[in-house]
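One structure is given below, encoded as C-alpha cells.
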Amino acid sequence: MPRRPVDARSPRDAAVVDPDHASASRRGFLAKVLAVACGGLATLPPVVAGLWTFLDPLRRQGSAATFLRVADLAAIPDDGVPRQFPVIADRVDAWTGFAAEPVGAVYLRREQGSRAVQALSATCPHAGCFIGFERAVDCFRCPCHNSSFTLDGGIVAPSPSPRPMDTLECRVGRNGQVEVKWQRFRAGVAEKVVQG
Amino acid sequence: MTPPRRGPLGRVADFLDDRTGYRALLHEALYERVPGGARWRYVWGSTLVFAFLTQVITGLFLWANYAPSAQTAWESVFFIQHEMAGGWLLRGIHHVMAQAMVVLLALHLLQVVIDGAYKAPREVNFWLGLVLMMLVLGMALTGYLLPWDQKGYWATIVATNLAGIVPVVGPSLQQLVIGGPEYGHHTLTRFFALHAGFLPATLVLFLVVHLAVFRRHGLHAKQPLTKPDGMFWPDQLLKDAVAMLAVMAVVLGVILVPAARAMLAGEAVHPGHLGAELGAPADPSQPYAAARPEWYFLFLFQFLKVFEGWGATGEFVGAILVPGLIMAAMALMPIVGGWRLGHRFNVAFTLAILAGVGLLTGLALREDYYALWVDRAALAEAETLHDQTGGDRVKLAAALGGDRAKATAIERQWKTLEKVRRSQAFLDAVKLAKADAARAVELAGRPERIPPAGMLAVVRGDPLMQGPRLFAQHCAGCHAHVDPLAADAEAVIAASSAANLFAFGSADWIRGLLDPEQVAGPAYFGNTAHKDGEMVSFVRDDLTDEATWPRADIDAVVAALAAEAGRPVPPEIAGLVERGRELVAADDRCGGCHRFRDNGAELSGEPDLTGWGGREWLVGIIADPAHERFYGHANDRMPRFGVAAEGELPQLTREQIEILADWLRGAWYRPSQR
Numbered sequence: 000m001p002r003r004p005v006d007a008r009s010p011r012d013a014a015v016v017d018p019d020h021a022s023a024s025r026r027g028f029l030a031k032v033l034a035v036a037c038g039g040l041a042t043l044p045p046v047v048a049g050l051w052t053f054l055d056p057l058r059r060q061g062s063a064a065t066f067l068r069v070a071d072l073a074a075i076p077d078d079g080v081p082r083q084f085p086v087i088a089d090r091v092d093a094w095t096g097f098a099a100e101p102v103g104a105v106y107l108r109r110e111q112g113s114r115a116v117q118a119l120s121a122t123c124p125h126a127g128c129f130i131g132f133e134r135a136v137d138c139f140r141c142p143c144h145n146s147s148f149t150l151d152g153g154i155v156a157p158s159p160s161p162r163p164m165d166t167l168e169c170r171v172g173r174n175g176q177v178e179v180k181w182q183r184f185r186a187g188v189a190e191k192v193v194q195g
Numbered sequence: 015m016t017p018p019r020r021g022p023l024g025r026v027a028d029f030l031d032d033r034t035g036y037r038a039l040l041h042e043a044l045y046e047r048v049p050g051g052a053r054w055r056y057v058w059g060s061t062l063v064f065a066f067l068t069q070v071i072t073g074l075f076l077w078a079n080y081a082p083s084a085q086t087a088w089e090s091v092f093f094i095q096h097e098m099a100g101g102w103l104l105r106g107i108h109h110v111m112a113q114a115m116v117v118l119l120a121l122h123l124l125q126v127v128i129d130g131a132y133k134a135p136r137e138v139n140f141w142l143g144l145v146l147m148m149l150v151l152g153m154a155l156t157g158y159l160l161p162w163d164q165k166g167y168w169a170t171i172v173a174t175n176l177a178g179i180v181p182v183v184g185p186s187l188q189q190l191v192i193g194g195p196e197y198g199h200h201t202l203t204r205f206f207a208l209h210a211g212f213l214p215a216t217l218v219l220f221l222v223v224h225l226a227v228f229r230r231h232g233l234h235a236k237q238p239l240t241k242p243d244g245m246f247w248p249d250q251l252l253k254d255a256v257a258m259l260a261v262m263a264v265v266l267g268v269i270l271v272p273a274a275r276a277m278l279a280g281e282a283v284h285p286g287h288l289g290a291e292l293g294a295p296a297d298p299s300q301p302y303a304a305a306r307p308e309w310y311f312l313f314l315f316q317f318l319k320v321f322e323g324w325g326a327t328g329e330f331v332g333a334i335l336v337p338g339l340i341m342a343a344m345a346l347m348p349i350v351g352g353w354r355l356g357h358r359f360n361v362a363f364t365l366a367i368l369a370g371v372g373l374l375t376g377l378a379l380r381e382d383y384y385a386l387w388v389d390r391a392a393l394a395e396a397e398t399l400h401d402q403t404g405g406d407r408v409k410l411a412a413a414l415g416g417d418r419a420k421a422t423a424i425e426r427q428w429k430t431l432e433k434v435r436r437s438q439a440f441l442d443a444v445k446l447a448k449a450d451a452a453r454a455v456e457l458a459g460r461p462e463r464i465p466p467a468g469m470l471a472v473v474r475g476d477p478l479m480q481g482p483r484l485f486a487q488h489c490a491g492c493h494a495h496v497d498p499l500a501a502d503a504e505a506v507i508a509a510s511s512a513a514n515l516f517a518f519g520s521a522d523w524i525r526g527l528l529d530p531e532q533v534a535g536p537a538y539f540g541n542t543a544h545k546d547g548e549m550v551s552f553v554r555d556d557l558t559d560e561a562t563w564p565r566a567d568i569d570a571v572v573a574a575l576a577a578e579a580g581r582p583v584p585p586e587i588a589g590l591v592e593r594g595r596e597l598v599a600a601d602d603r604c605g606g607c608h609r610f611r612d613n614g615a616e617l618s619g620e621p622d623l624t625g626w627g628g629r630e631w632l633v634g635i636i637a638d639p640a641h642e643r644f645y646g647h648a649n650d651r652m653p654r655f656g657v658a659a660e661g662e663l664p665q666l667t668r669e670q671i672e673i674l675a676d677w678l679r680g681a682w683y684r685p686s687q688r
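Heads up: the protein sequence lines correspond to chains A and B, in order. Quick note on numbering: the working numbering labels position 61 of the first sequence as 60, and the sequence is numbered without any gaps. Offset between the second sequence (1-based) and the working numbering: plus 14.
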C-alpha cells in the first residue's frame, strides 16, 4: 500500500514534523468542529424546510367512503352477468375541485329474479390494474398479470392475485336506485384492508 | 510497514481509500495554502457557493410541488404557500436567498476588483465569474415569472419585450423564449426549464471550472500580508462557515421578523403570509399599475426613464446598449488592469457603476414612495389653485394678481404635486394589488376548491374584486357608493348626480329613502329628475301624516322591502314583514302607484316592487332601467347597460351586470361561511 507522503503544511501531519505542535493542533481541532457545526447549522434550514414540505402528503387523508348512486336497478339485467358502471363523485385533487367526475368503475350484477345487487370493484387486488370482463369466456381477467376471477369475483387458480375481487357494500333503494359505498383497498395483500 | 491497528470504521475507510483515493482528493480540496492567513474578506465566494446550494436544495423541493402551466402555476404555488406544511418557509428561503445571492455577487465582485484579483494570471477566472453573474441574474429573472401572478407576469412582459428590441434577432428571440406569439403554457414550461434546468446546469459547469481555475492560481492574497500563512481547512473554512451561517440568519430574519412583530403586537400570525409574496393570478385583461421589477433590477427600470421621449431608440440604448457596454468594460478590466493606473481606473469604474446603480435604485424608490414623506397640507393652496386654473400659467398669474414670486413658487409646488400624484397612484395600485392578492388567496381556500379552469376564472367572476372596478368604470359617473358614516361621505355624495347605492336594499337604505329629510337629498333623489317627483312629495306629505302612516307601518314597509331585497331584516321589525307586504300591495298605500306581486297596479314609470332590490330585480334595472317594469318613460339619465341596438354590443355583458348586482347586494364569498 503506497503511503501518503508527510506534508508539513498540513496540520494533520504537523505533529509528525514538530511534536511541539500539540497546542496548535488542539486549536485546529476546535476550529474544525466549529466550522463543521456552523456549516451544518447554516445548511439545516433549507433541508428542514424541504423535508417538512416533502412529507406534507403523509398528513393528508382521502375523502371518507360514502354511498354513491351508480345506476338504476332496471339498468342491471337479472342474468348474473356483470355490467360495468362508472362511479361519479366530486373529487379534490390537491388544489383543484372537480364536480361530478368519473372517479372509477364498478361491476354490478344480479341473479335472476333477485333485487339484491352484487358490486365488485374494477381495481385488481394484485397490483391495482383495471380488471376487464370477458364475455366470451364469462370471466374477469386483469390485463396486467392475467389474474382471473369468476363471475362473482372468486379467485381462479393459479392467480397472482392474493385475494378475490373486492366486493363493495351495495344497497338498493325503494325506487330502484343502486348505491355503492365507494372505497379503495390495499393492493397486494391477502386481507382486504381499506386504503387511506 | 504495517498500518496501526484500526477499528471497523477505519478499515472501511481504508478499503474505500484504496479503491477511490478519496483521501488524496479531500486533502487536495481542503489543504490549500492561504497566504497571510485566513481573512474575512475572502468569504464571499464561499457564501455564494453556499447560497447556490441552498437554492438547489429548496428549488428541488419546490419542484416536487410545482406545476408549470397557465392554469396550475399560480394554483400550485398557492398550495405550497398556504396549504402545505412548511411550504411558506421553503418558498421564503428560496425567495429571500435569491435576493441575498445578488447582494453577495456584488460583494464578491467588489472584493475581487478592489483586491486586484482579476489581474494576470487570473483573467480567465474573472471572465468566468462574469458569466456566472449573468447566469445568476438570468435565474432571478426567470424565477420571477414562475408563480404566474400579476407581478411576475407584467415584469416578464416588459423584460421579454425589451429582449424583442435587440436588432435583427430580437423578435425571434422573444418568440422563442415565450414559446410562441402569446404568453401562456409554453412561456411557463420554457421559463421553468431555463430556471431549473439549463441555467443551473450551465452554472454548475462554469462554477466547477471557476473553482478549478481558482485552485490552479491559488488564492489572490491582499497585500500586505501581516500574518503567517494559514490553511483553507480549517482556518478559512471556519470563517466561511460563520459567514454562511450569518447569511442564513439574515435570510431567516427577513422571513420571520414580520411574524415576530405581529406576535409582539398581539396579532395572529398566518404562516402563509410570511416569506415570499403571491399576487393575484396573472390577468392580461386587468391593468396592473403596481408593476415593478424585483428591487435589484429597479436601477435598469429607472435607467430606462432617462431615455423617455427617445422612442424605441431609447429602449435600445437604455436596456441593451449601455448595459452591454458596461458589461464589455467589465470584461476588459483584466486587460486595462495591466496598464499604468489601470487598476485604479477599474476600481473607480466599478465603484462608479455601483454608485450609479445605488443612485438609480434610490431615485426609483423615491419616485414611487414620494407621497409618503411629502406634507400634502403644505401643498393645499397650490392644489386648490391648480384645480381652479386647470394648471394654466396665465390663469395662475391672473388669479394671484400679478404676484410674480408667488406664481413661481406655486408653479414649483405644482411640479411637486405632480410627483405626489404619480407616487400616490403607485401606492394606491400597490394597496389594490395587495387586496386583490389577499382576496384571491381567500377565494382559493373555498371548500369547493379551485375549478379546473384555474383561479383566474374565479377571480374574474368575484363580485368583491370586480364589482368596485365595474362600478367605478360604469356607474360612479353618477352614483356614489360610500358609507354615509365615512369621513368624506358628505362631499362624495354631494358631488354625485344619482342615488348613493351603498348598502342598497338594506333596512337602513330604505329608511333613508322614506325619511322626509333625506328623500330629496343628494343621497337619494336630490340630484335627479325625480327630485320633484311623486315619490318625494309622497314621502314628505303622506308619510309624515301619523294618522295614515303610523311609525309601525313605516317599519313594516322597511321590513317587507328589506326582505324583498334578500337583506337581513332587523330583529326588532322582523315580525312586521307580512304586515309590510300588505301595505306595499295595498292600493291606498304603496300599491297606489307601485306594482307589487299581483296587486294589479299599472306599470307607468314607478318601479315594480316585486322582488325589489333582489338579484334578479337589480340585474333587470341595470340592464334596462327604461323597461316598463322599472322607470319606463320616467327613466332619468341611466343608460340601458344590457340593451343595444341590433348589430351593436351592449355596454355590459350579462356576467358583468350580475357581478355588479351581486356586489351591490353584498353577495360574495366570505370565509366565515365555511
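Using N, Cα and C, we set each Cβ at its ideal position, and we do this for glycine too. Computed from a predicted model, the values in this text were never measured in an experiment.
Length of the line joining the Cα atoms of residue 674 of chain B and residue 512 of chain B: 17 Å
Beta carbon of residue 543 of chain B nearer than 8 Å to that of residue 650 of chain B: yes
Contact with chain A by residue 688 of chain B, beta-carbon distance below 8 Å: Model confidence at residue 688 of chain B stands at a pLDDT of 43, short of 50, so the residue's coordinates are unreliable; what they give is reported in the following sentence. Not closer than 8 Å to any Cβ of chain A, the Cβ of residue 688 of chain B fails to qualify, so no.
Candidates B/288, B/147, B/564: closest to residue 345 of chain B by CA position: B/147
Residue nearest to residue 50 of chain A in terms of C-alpha spacing, selected from B/51, B/563, B/102: B/102
Residue 266 of chain B at chain A interface by Cβ criterion, 8 Å: yes
Proximal residues of chain A, C-beta to C-beta of residue 99 of chain B below 7 Å: 51, 52, 55, 58
Pairwise C-alpha distance: residue 240 of chain B and residue 428 of chain B: 60 Å
When B/588, B/337, B/631 are compared against residue 574 of chain B, the one with the closest alpha-carbon: B/588
Chain-order list of residues whose beta-carbon lies under 7 Å from that of residue 106 of chain B (same chain, five-residue window excluded): 269, 288, 289, 290
Contact list for the segment 159–176 of chain A against chain B, Cβ threshold 7 Å: none
Spatial distance of residue 117 of chain B from residue 155 of chain B (CA atoms): 15 Å
Interface flag, residue 146 of chain B vs chain A, CB-CB below 8 Å: no
Buried or exposed by the 16-neighbour rule on C-beta atoms within 10 Å, applied to residue 115 of chain B: buried
Proximal residues, the segment 93–106 of chain A versus chain B, C-beta separation under 8 Å: 93, 94, 95, 96, 97, 98
Cutoff 8 Å: residue 86 of chain A Cβ touching any chain B Cβ: no
CB contact flag (residue 161 of chain B, residue 88 of chain B, <8 Å): yes
Closest residue to residue 330 of chain B among B/173, B/244, B/303, B/391 (Cα-Cα distance): B/173
The ligand GDP heavy atom lying under 7 Å from the CB of residue 29 of chain A: The ligand GDP is absent from the structure shown, which contains no ligands of any kind.
Chain-order list of residues whose beta-carbon lies under 7 Å from that of residue 198 of chain A (same chain, five-residue window excluded): The shown model of chain A, from 0 to 195, leaves out residue 198 of chain A, and the question about it has no answer.
Among B/422, B/100, B/95, nearest to residue 406 of chain B - alpha-carbon criterion: B/422
Length of the line joining the Cα atoms of residue 94 of chain A and residue 464 of chain B: 6 Å
Proximal residues to residue 184 of chain A (C-beta, below 8 Å), its chain only, five neighbours per side dropped: 120, 122, 124, 165, 191, 192, 193, 194
Which of helix, strand or coil DSSP assigns to residue 79 of chain B: coil
Neighbouring residues, chain B, relative to residue 27 of chain A (Cβ below 7 Å): 248
Extent of the continuous alpha helix (DSSP H) to which residue 106 of chain A belongs: Note, residue 106 of chain A: premise wrong, no alpha helix (DSSP H); beta strand (DSSP E) at 95–108.
Beta-bridge partners of residue 85 of chain A, as assigned by DSSP: A/104
Start-to-end residues for the beta strand (DSSP E) that takes in residue 131 of chain A: 131–133
Per-residue DSSP class, three states only, for residue 70 of chain A: strand
Beta carbon proximity, residue 34 of chain B to chain A, threshold 8 Å: no
Delimiting residues of the beta strand (DSSP E) encompassing residue 120 of chain A: 117–120
CB of residue 115 of chain A within 8 Å of CB of residue 109 of chain A, strictly: yes
Contact set between residue 90 of chain B and chain A, taken where Cβ atoms lie within less than 8 Å: 93, 94
Neighbour list for residue 255 of chain B in chain A, Cβ cutoff strictly below 9 Å: 33, 34, 35, 36, 37, 38, 39, 40, 41
Where residue 145 of chain A falls, given that 16 or more other Cβ within 10 Å makes a residue buried: exposed
Cutoff 8 Å: residue 48 of chain A Cβ touching any chain B Cβ: yes
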